[in-house]
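Asks:
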Amino acid sequence: MIGCAMGETTLTELDDIEALNRAYRARLLRFVAYSTGDVDLAETVVQDCLLKAYNGRESFRGECSVYTWLAHIAGNLVRDHQRTRRFQFWRRVQKTGPDLSELAGTLASGESSAETQMLARERAREVSAALETLSENQRRIFLMRFVDEMELQEICQATGMRMSTVKTHLHRAVKAVRLRLGGRA
Amino acid sequence: MEDHREGNAVHLSDEQFAELLMGGSPARVQAHLAECAECRAEAERVGGAIGDFSEQSRLWAEQWAAARALRTAAQTPRAERASGLAWLVWLVRPQAWAGAALAIALAVGIGVTIEREHSRTTQADAAKTQAGVAAARVEATTVQAQAAKAQAGATMVQTKAAVQAEAAVQSATLKADNALLSAIDGELRADESAPASLYGLAADASGEGTKSAKRISN
Numbered sequence: 000m001i002g003c004a005m006g007e008t009t010l011t012e013l014d015d016i017e018a019l020n021r022a023y024r025a026r027l028l029r030f031v032a033y034s035t036g037d038v039d040l041a042e043t044v045v046q047d048c049l050l051k052a053y054n055g056r057e058s059f060r061g062e063c064s065v066y067t068w069l070a071h072i073a074g075n076l077v078r079d080h081q082r083t084r085r086f087q088f089w090r091r092v093q094k095t096g097p098d099l100s101e102l103a104g105t106l107a108s109g110e111s112s113a114e115t116q117m118l119a120r121e122r123a124r125e126v127s128a129a130l131e132t133l134s135e136n137q138r139r140i141f142l143m144r145f146v147d148e149m150e151l152q153e154i155c156q157a158t159g160m161r162m163s164t165v166k167t168h169l170h171r172a173v174k175a176v177r178l179r180l181g182g183r184a
Numbered sequence: 000m001e002d003h004r005e006g007n008a009v010h011l012s013d014e015q016f017a018e019l020l021m022g023g024s025p026a027r028v029q030a031h032l033a034e035c036a037e038c039r040a041e042a043e044r045v046g047g048a049i050g051d052f053s054e055q056s057r058l059w060a061e062q063w064a065a066a067r068a069l070r071t072a073a074q075t076p077r078a079e080r081a082s083g084l085a086w087l088v089w090l091v092r093p094q095a096w097a098g099a100a101l102a103i104a105l106a107v108g109i110g111v112t113i114e115r116e117h118s119r120t121t122q123a124d125a126a127k128t129q130a131g132v133a134a135a136r137v138e139a140t141t142v143q144a145q146a147a148k149a150q151a152g153a154t155m156v157q158t159k160a161a162v163q164a165e166a167a168v169q170s171a172t173l174k175a176d177n178a179l180l181s182a183i184d185g186e187l188r189a190d191e192s193a194p195a196s197l198y199g200l201a202a203d204a205s206g207e208g209t210k211s212a213k214r215i216s217n
């Protein structure tokens with residue numbers, strides 16, 4: 000468990016589950032949904048994660064950011080779910096990752112043209128497809144770094160991995176995405 | 000850190016490329032990008048794609064979370080209504096009435112069945128009780144019969160004793176009567192000798208000529 004010396008702001012944030020929900024739900028949901036490829040599971044994990052964090056806020060010692068702590072909890076919950084045979088079954092039967100193509104209209108690009116938006120959607124879809132070819136750890140670390148924009152040290156704290164391990168996973172993930180996007184092998 | 004060689008050109012290695020995408024840009028990498036249009040174009044394409052993915056996934060997550068919040072907000076008043084005016088909502092629902100009717104019918108059916116079963120049980124109990132009473136009566140009758148038999152036995156014993164006593168009394172009376180008759184007979188014989196001698200009559204030695212008192216016997 001990650002611990003921290005709690006600051007006043009952090010204490011207030013953790014003591015109010017509604018504030019936790021408002022501040023971190025969407026971010027956690029994105030991370031878990033793209034980590035697992037399962038939106039329903041992501042909903043469940045995020046709910047459990049926020050509740051677990053709130054109930055266990057006494058153990059948070061402030062040695063990392065709240066989000067890093069939450070990502071750590073969420074990662075453990077995802078692993079727990081993925082270990083279950085039921086999840087393995089449904090994972091094989093139905094890969095239900097968030098469909099980015101349905102989000103075409105949500106792309107906030109009021110100034111960009113329809114063609115630019117279409118190209119952006121296509122590129123995002125390619126990245127999404129590349130993520131499906133990654134291992135669980137590679138995908139999780141890639142998302143933490145490039146989607147959540149976490150520092151490498153924070154990723155180490157959230158995953159419990161050494162820096163060298165994190166970098167290795169990240170390099171392999173970037174290479175896979177590059178190849179998918181037509182880069183050099 | 001090794002450069003990636005492709006033909007005669009030297010390009011960024013995977014590690015350098017990853018470092019570049021992660022925001023690290025050592026002078027050597029920057030120098031290479033300034034000279035290599037191919038690596039620069041690839042860095043822009045991959046970096047842009049990852050940026051697009053990040054942006055779209057962020058928007059998707061925010062919309063999803065907002066939609067969930069709306070769903071939750073929409074469910075909360077419904078829950079409050081359900082708690083406060085549930086009975087009113089229930090009244091205007093035909094399904095609720097149908098459900099209630101079904102429940103009542105089931106309850107009545109179950110009640111009737113239970114009552115019937117109860118009646119059967121009661122009747123069976125009554126029959127059993129009657130049988131018990133009859134058995135008790137039979138037993139009582141048997142006991143009475145035995146008592147009567149015993150009484151009859153006792154009566155017979157009493158009767159026998161009485162008969163014996165009466166016989167004894169009769170026997171004693173008979174003996175007394177016979178004794179009295181014998182005494183009377185003796186007196187009569189003594190009176191008869193004097194008149195016979197007077198008139199010259201000879202007395203019969205066997206005594207046959209004299210009358211004696213008749214003896215009584217049973």
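From first to last, the protein sequence lines stand for chains A and U.
For what it's worth, numbering that gives the first Met the number 0 labels the leading residue of the first sequence as 0, then goes sequentially.
For what it's worth, numbering that gives the first Met the number 0 labels the leading residue of the second sequence as 0, then goes sequentially.
Glycine included, C-beta positions come from ideal geometry on N, C-alpha and C.
Computed from a predicted structure; not experimentally measured.
1) Spell out whether any CB of chain U is found under 8 Å from the CB atom of Leu99/A.
2) Within 10 Å of its beta-carbon, does Ser192/U have 16 or more other beta-carbons around it, so buried, or fewer, so exposed?
3) Verify the contact flag: Gln62/U, CB atom, against every heavy atom of the ligand SAM, threshold strictly below 7 Å.
4) How about the stretch 68-76 of chain A and the stretch 114-126 of chain A: do they share at least three Cβ pairs that are nearer than 8 Å?
5) So is Ala18/A buried or exposed if we call it buried at 16+ other beta carbons inside 10 Å?
6) Of all the CB atoms in chain A, is at least one closer than 8 Å to the CB of Ser24/U?
7) What do you reckon, are the CB atoms on Ala48/U and Glu125/A nearer than 8 Å?
8) Please confirm whether Glu125/A has its beta-carbon closer than 8 Å to some beta-carbon of chain U.
9) What number of angstroms, rounded off, separates the C-alpha of Arg60/A from the C-alpha of Leu13/A?
10) For Leu169/A, return the contacting residues in chain U, with the cut-off set at a CB-CB distance below 8 Å.
11) Taking Ala64/U as the query, report the chain A residues whose CB atoms sit under 8 Å from its CB, ordered along the chain.
12) Does the beta carbon of Gln55/U come closer than 8 Å to any beta carbon on chain A?
13) Roughly how many angstroms lie between the CA atoms of Leu27/A and Ala104/U, to the nearest whole one?
14) Quick check on the DSSP output: the alpha helix (DSSP H) that includes Arg27/U runs from which residue to which?
15) Note down, in chain order, every chain U residue with its Cβ under 7 Å from the Cβ of Leu133/A.
16) Check the Cβ of Arg44/U against every Cβ in chain A and list those closer than 7 Å, keeping chain order.
17) Any beta carbon of chain U sitting closer than 8 Å to that of Arg177/A?
18) In three-state terms, what does DSSP make of Glu153/A?
19) What are the boundary residues of the alpha helix (DSSP H) that includes Leu76/A?
20) Using 8 Å as the cut-off, can you tell me whether the stretch 157-168 of chain A makes contact with the stretch 134-141 of chain A, which would need three or more C-beta pairs spanning the two stretches below that distance?
21) Would you say Ile103/U lies against chain A (beta-carbon separation less than 8 Å)?
22) Which bits of chain U does Tyr33/A rub up against, with CB to CB less than 8 Å?
Replies: On the basis of the supplied data:
1) For the purposes of this step, residue 99/A is taken as the residue at position 100 of the first sequence. Low per-residue confidence applies at Leu99/A: pLDDT is 48, beneath 50, and the placement is therefore not dependable, though the value from the model is reported in the following sentence. Yes, Leu99/A lies at the interface with chain U (some Cβ there is under 8 Å from its Cβ).
2) Start at 1 with the first residue of the second sequence, and residue 192/U comes out as number 193. For Ser192/U, the predicted model reports a pLDDT of 47, less than 50, meaning its position is unreliable; a value from the coordinates is still stated below. With fewer than 16 Cβ atoms within 10 Å of its Cβ, Ser192/U is classed as exposed.
3) No copy of the ligand SAM appears in this structure; indeed no ligand is present at all.
4) no
5) If you number the first sequence from 1, residue 18/A lands on position 19. Exposed, since its Cβ has fewer than 16 Cβ neighbours within 10 Å.
6) Residue numbering aside, residue 24/U sits at position 25 when the second sequence is read from its first letter. Chain A contact via Cβ: absent.
7) Counted from its first residue, the second sequence places residue 48/U at position 49. Counted from its first residue, the first sequence places residue 125/A at position 126. For Ala48/U and Glu125/A, yes; Cβs fall inside 8 Å.
8) Indexing the first sequence from 1 puts residue 125/A at position 126. By this cut-off, Glu125/A is an interface position.
9) Here the question's residue 60/A lines up with position 61 in the first sequence. Here the question's residue 13/A lines up with position 14 in the first sequence. Going from the Cα of Arg60/A to the Cα of Leu13/A covers about 11 Å.
10) Residue 169/A sits at position 170 when you count from the first residue of the first sequence. Near Leu169/A (Cβ distances below 8 Å), the residues of chain U are Ala17, Met21.
11) As a first step, residue 64/U must be located in the second sequence, where it is residue number 65. Residues of chain A passing the Cβ test: Arg24, Ala25, Leu28.
12) Indexing the second sequence from 1 puts residue 55/U at position 56. At least one chain A Cβ lies under 8 Å of Gln55/U.
13) Counting from 1 along the first sequence, the entry for residue 27/A is found at position 28. Counting from 1 along the second sequence, the entry for residue 104/U is found at position 105. C-alpha separation (whole angstroms): 52 Å.
14) For this step, residue 27/U is matched to residue 28 along the second sequence. Taken as a continuous stretch (DSSP letters only), the alpha helix (DSSP H) holding Arg27/U covers 26-34.
15) Within the first sequence, residue 133/A is the residue found at index 134, counting from 1. Near Leu133/A there are no residues of chain U at all, since even the closest Cβ is about 13 Å away, more than 7 Å.
16) Taking the second sequence and counting its residues from 1, one reaches residue 44/U at position 45. Under the 7 Å cutoff, chain A gives Leu180.
17) Along the first sequence, one-based indexing puts residue 177/A at 178. Output row for Arg177/A: interface = yes.
18) Taking the first residue of the first sequence as 1, we reach residue 153/A at position 154. Note: Glu153/A maps to helix in three-state DSSP.
19) For the purposes of this step, residue 76/A is taken as the residue at position 77 of the first sequence. Here the alpha helix (DSSP H) through Leu76/A covers 65-82.
20) yes
21) Position 104 of the second sequence, counted from the first residue, corresponds to residue 103/U. For Ile103/U, the answer is no, since every Cβ of chain A falls outside 8 Å of its Cβ.
22) Sequence index remark: in the first sequence, residue 33/A carries index 34 (1-based). Here the neighbours are Ser56.
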